[in-house]
Amino acid sequence: MRAALIQITSGEDPGANLDVVRSRLREAKSGDADFALTPEVTNCISGSHKHQASVFSLQEDDSTLATIREDARALGLWVLIGSLGMQTQDTDGRFANRSFLISPQGQILGQYDKIHMFDVDVSESETYRESARYRPGDKAVIAETDFGKVGLSICYDLRFAYLYRALAQAGATILTVPSAFSPVTGKTHWEPLLRARAIETGSFVLAPAQTGLHYVKNGQARRTYGHSMAISPWGDVLVDGGTECGISFVDLNLAQVKQARQRIAALTHDRSFDGPST
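Heads up, the sequence shown is in this note's numbering, so the first residue is 20 and it goes up one at a time.
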């Protein structure tokens, strides 16, 4: 199976971002990909909640989702929309950060709302409060494909190993981690965390990423790390997309999942234990 990791720099205009993604999907198909994956918040990265509220839509009205579904069908391509910012019916006005697995028939076979919110102080000048704008999901999701089960996650989820263990133990052989990683944490944590999740679960990890400068607002710039990656079930880096926009192709031998899990069957070795004493 050939996967295509699409690396982009989403701005504030969903229509312009969609044009880029559509071009990349055609490029993925021409490169013989079976499965194309886009990063987190494919439709819009903005420093303004007001702007997001004006361009995000409810799922049934979202033109980015509808168009990519049509393109998946026209191209005969499996597509992971890493995530879209979406309106919800929540009374507090918070959005959903939602990932979609689309079949070559254009059907939504899995959708996942990001569980873990990025509420961190990376440095004195770089802070994030994702939960102020997005409400967390509460359900792990696996999507069935004709090449196996795909476990869905998004960005900051990567730091919570128990989610990936649960997905793998439920049968996922490919774990997706679409992201918009900070350059500060990306430099030191991105690759080690991706490799750890692959090694712990004996799974392929596919991580399409946002890259570059997205906006400058009130003197504050939003940048992302890039380096879309594919990791083997044994923990090898199969591809690193660097920092430029584009596509990274990777061929996956899914038999390697069974081989890795047979060699180290850690997914079957859970034991119960008492909590630590204080």
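In this text, a Cβ means the ideal position worked out from N, Cα and C, and glycines have one as well.
In the three-state DSSP reduction, ASP176 falls in the helix class (H, G or I).
Ranked by how close their Cα comes to the Cα of ASP140, the residues VAL169, THR204, ALA115 and ASP165 have THR204 in first place.
Its Cα nearest to that of ILE87, the residue THR57 stands out among SER198, GLY294, LEU177 and THR57. In this chain, the alpha helix (DSSP H) harbouring ASN36 covers 33-49. Taking the Cα positions, ALA240 is about 20 Å away from GLY261.
Distance from the CA of ILE266 to the CA of ILE134, rounded to the nearest whole angstrom, comes to 27 Å. When DSSP states are grouped into helix, strand and coil, GLN130 belongs to the strand group. When C-beta atoms of the region 71-91 are compared with those of the region 209-217, fewer than three pairs fall below 8 Å, so the two segments do not count as touching.
Within the region 165-214, the complete beta strand (DSSP E) runs of at least 3 residues fall at 167-171 and 193-195. Distance from the CA atom of GLU89 to the CA atom of ASP259, rounded to whole angstroms, is 29 Å. Beta-bridge partners assigned by DSSP to GLY265: GLN26. Counting other Cβ atoms within 10 Å of its Cβ, ARG290 stays below 16 and is therefore classed as exposed. The beta carbon of GLY156 sits closer than 7 Å to those of TYR131, ASP132, LYS133 and ILE134, all from its chain and outside the five residues before and after it, given in chain order.
DSSP places SER251 outside any beta strand (DSSP E), giving it a letter other than H or E. DSSP places VAL74 inside the alpha helix (DSSP H), whose first and last residues are 68-74.
Contact annotation, LEU96 with LYS48: C-beta distance approximately 6 Å; criterion of less than 8 Å satisfied. Going by DSSP, ALA228 is part of no beta strand (DSSP E) at all; its letter is neither H nor E.
Here LEU177 has VAL196 and LEU212 as same chain residues with Cβ atoms under 6 Å from its own Cβ, once five neighbours each way along the sequence are excluded. The three-state reading of DSSP puts LYS158 in coil, since its state is none of H, G, I, E or B.
Annotation: GLU143 to GLY125 spans about 44 Å, alpha carbon to alpha carbon. Taking C-alpha positions only, LYS168 is separated from LEU271 by approximately 14 Å.
Residue environment: ARG43 is assigned as buried (16 or more neighbouring CB atoms within 10 Å of its CB, all protein chains considered).
The region 274-282 and the region 26-46 do not touch, with fewer than three beta-carbon pairs separated by less than 8 Å. In the DSSP assignment, VAL258 falls within the beta strand (DSSP E) that extends over 256-259. Rounded to the nearest whole angstrom, the C-alpha separation of ALA72 and LEU186 is 32 Å. Less than 8 Å divides the Cβ of ILE100 from the Cβ of THR61. At least 8 Å separates the beta-carbon of GLY231 from that of LEU194. For GLN239, the enclosing beta strand (DSSP E) has its first and last residue at 239-244.
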